[in-house]
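Numbering (the numbering used here), first residue to last: 69 to 144.
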């Protein structure tokens, strides 16, 4: 069961580039700033995903560190 949950979480994190959802206000501002430039929205979405990757990566590293540290102390 844990492996399934881990696999689903991994897929959701790695395949989030498919979901290009934005709030209505951000979308309106981006549409006026884009003015028909090719690739503007794709670059904007990639930038958002890039900025959101760092906090999730730090949380994952911290959780793994705590898990391994707790596992070592429970063995002793």
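Note that CB positions come from ideal geometry on N, CA and C, so glycine has one too.
Cα-Cα separation between residue 140 and residue 130, rounded to whole angstroms: Here residue 140 refers to the residue found at position 72 when the chain shown is read from its first residue. Here residue 130 refers to the residue found at position 62 when the chain shown is read from its first residue. Near 15 Å, if we compare the C-alpha coordinates of residue 130 and residue 140.
Beta-carbon proximity check, residue 98 vs residue 112, cutoff 9 Å: Along the chain shown, one-based indexing puts residue 98 at 30. Along the chain shown, one-based indexing puts residue 112 at 44. It is a contact, given that the beta carbons lie within the stated cut-off.
Spatially closest choice to residue 125 from 73, 72, 75 and 81, by CA coordinates: For this step, residue 125 is matched to residue 57 along the chain shown. The shortest Cα separation from residue 125 among 73, 72, 75 and 81 belongs to 81.
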